[in-house]
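Numbering (this note's numbering), first residue to last: 48 to 698.
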């Protein structure tokens with residue numbers, strides 16, 4: 048079906064039914080939803096779904112992948128949410144994996160974990176951070192999951208004897224997912240606007256069925272219901288010194304050949320796209336010039352919503368989907384002020400610089416630790432410190448080289464991971480931080496190696512290890528969770544998603560989380576501190592200040608902070624200004640306006656260590672610095688520790 052011609056009015060991707068009433072269109076949609084035994088149509092309509100009540104903004108990439116479709120879609124979604132509209136994003140991936148849980152970080156970056164335990168693409172983290180909204184499995188799907196569900200339905204007899212085909216059945220399941228998400232919305236209200244991001248590039252075999260399904264969706268939903276955005280790339284060859292639009296033209300032409308006429312074109316580029324290039328792209332895309340936007344590199348992704356709002360992108364999209372009258376400008380102004388204040392702090396010159404070491408085996412691949420990077424960025428805006436991230440590969444770190452590798456660092460983060468490679472380097476980093484008083488944050492595996500290091504060098508259990516790396520270790524202080532021992536297979540089998548953590552009153556964890564007795568954080572692990580060693584570790588001076596409410600699962604550790612005026616000590620009562628670890632991943636819940644308490648504590652401790660506790664009253668960040676200084680200087684809890692020469696170590 049050929050695409051429609053350019054237009055200035057509401058979206059109409061070539062599927063108008065002129066002269067047909069709304070009732071007749073509803074009847075057509077009902078016919079499409081009939082069971083497939085007596086019609087060629089298959090377009091399931093979930094309970095509660097009403098045509099025309101939900102709009103769809105669909106973001107497709109051309110020319111190449113990695114253009115930032117997720118950043119663009121989440122920025123637009125934020126603009127609409129700020130106006131009081133309910134938005135629901137979904138990322139649709141073309142690969143045949145059921146989820147992202149078993150994908151290598153080298154191929155797709157970090158695995159982001161949602162509150163319900165869904166292991167998904169890192170773009171879902173971008174949506175959660177920009178929208179400040181928890182997502183679920185409804186907001187992510189893959190071709191593998193869709194095919195799996197279709198085969199389950201076929202075995203159940205849902206297709207009543209029909210031969211199950213790519214069209215209409217696979218495309219029908221895609222539409223079912225989008226409509227189900229529209230009904231669910233954000234979990235509290237149905238969605239006014241569903242944002243659909245299709246992974247990959249137009250022309251890929253993997254996403255061809257998604258694109259066909261979206262063409263069908265636009266036809267069935269009718270005019271004013273779908274807005275197609277083509278995110279393209281404007282090349283700027285260094286040898287030429289000018290921008291070239293031919294690749295963008297051909298990419299959009301490929302989209303139009305699939306039967307989709309874009310209504311918005313967003314042009315990714317290194318520098319602002321010139322007026323003549325925008326005009327040329329508009330002409331070849333059948334898109335009015337006012338709907339062709341330059342999406343060049345910015346100082347921060349968090350500046351994009353406000354900058355695109357000033358260029359009128361939100362206004363054009365609302366006009367295309369007929370929701371401009373629903374915008375709450377008063378609410379929008381309040382949201383904008385808070386966001387602009389955050390962006391001002393983020394982009395303002397910083398008087399302080401912190402060198403933060405992030406130690407892991409994927410150190411050369413920053414996307415593997417994207418959420419940690421973002422959590423540090425959030426905190427830097429609130430504490431007025433520029434972050435100089437030092438990525439350290441622990442595969443070539445040992446006890447002999449660790450002092451040189453961590454020299455001049457103000458704090459160290461040991462992130463999560465799997466496997467034995469690089470573990471001994473991580474343990475060396477932990478020991479150096481503990482003994483030298485360097486602020487330390489261990490996450491998941493970083494929590495576990497902190498326990499191993501403590502057992503080896505404080506309790507003098509030299510063979511202490513994890514059964515993940517040393518199945519026959521004499522002292523397996525880290526072992527597999529009991530329920531994991533009965534599980535076969537790897538995909539989706541870990542302890543995943545949001546879990547409650549019970550905090551010890553008076554502990555540093557308790558102070559970091561503003562005195563809350565129970566917090567909720569996200570987990571992704573298969574191993575735990577072996578309960579048989581907990582008492583021994585605690586008697587040695589390690590504080591487990593966060594635990595599972597009903598099971599002996601240790602979830603937060605810390606070392607006792609020195610009292611005011613007390614020096615750091617390595618024994619018999621081990622103290623440290625900021626040594627914490629969590630079995631959970633605090634980076635996954637950090638948001639721009641609500642940064643992670645554990646990261647805020649780490650950076651505040653690093654500032655105190657490097658710059659002292661004197662705060663200039665004129666410092667615009669003085670309030671936050673004092674508040675977090677008070678958290679770190681709260682009186683430490685009393686603990687019972689072993690006496691020197693205790694037999695604990697020899698057991």
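In this text, a Cβ means the ideal position worked out from N, Cα and C, and glycines have one as well.
Residue ranges of uninterrupted alpha helix (DSSP H) with 4 or more members, entirely inside the stretch 231-309 and ordered along the chain, are 255-268, 293-304. Boundaries for residue 344: no beta strand (DSSP E) harbours it, and the DSSP string shows neither H nor E there.
Excluding its 5 nearest sequence neighbours in each direction, residue 356 has C-beta neighbours in its own chain below 6 Å: 126, listed in chain order. Contact check between the stretch 443-462 and the stretch 642-656: three or more CB pairs, one atom from each, fall below 8 Å, which counts as touching.
Contact check for residue 271 and residue 369: beta-carbon distance about 4 Å, within the 8 Å limit, so the pair qualifies. Residue 129 is classed as buried because its beta carbon has at least 16 other beta carbons within 10 Å across all chains shown. Residue pairing by DSSP places residue 655 in no beta bridge whatsoever.
Taking a 10 Å sphere around the C-beta of residue 633, we find 16 or more other C-beta atoms and assign the residue as buried. Under DSSP, residue 436 forms a beta bridge with 403. In the structure shown, residue 382 falls within a helical segment according to DSSP collapsed to helix, strand and coil. Taking every protein chain shown into account, the CB of residue 168 has 16 or more other CB atoms within 10 angstroms, so this residue is buried. Going by C-alpha positions, residue 176 is about 32 Å away from residue 527. Residue state for residue 639 is assigned as coil, using DSSP reduced to three classes. In this structure, residue 383 lies away from residue 506, with their beta-carbon atoms at least 8 Å apart.
The C-beta separation of residue 299 from residue 314 comes to about 10 Å, leaving the pair out of contact by the 8 Å criterion. For residue 496, the enclosing alpha helix (DSSP H) begins and ends at 492-504. Residue 593 places its beta carbon 8 Å or farther from that of residue 162.
In the three-state DSSP reduction, residue 667 falls in the coil class, being neither helix nor strand. The Cβ atoms of residue 378 and residue 131 lie closer than 8 Å to each other. Positions of the alpha helix (DSSP H) runs, each at least 4 residues long and wholly inside the stretch 102-149, are given as 116-129 in order along the chain.
Rounded to whole angstroms, the separation of the alpha carbons of residue 389 and residue 343 is 21 Å. The Cβ-Cβ distance between residue 102 and residue 243 does not fall below 8 Å.
Take residue 200, set aside five residues on each side of it, and the residues of its chain with a beta-carbon closer than 7 Å to its own are 206, in chain order. 120 is the residue among 153, 152, 120, 149 whose C-alpha sits nearest the C-alpha of residue 138. As far as DSSP is concerned, residue 541 takes part in no beta bridge. Around residue 605, the same chain offers 554, 555, 556, 590, 592, 626, 627 as residues with beta carbons nearer than 7 Å, after the five sequence neighbours per side are excluded. A direct Cα-Cα distance of roughly 26 Å separates residue 197 from residue 543.
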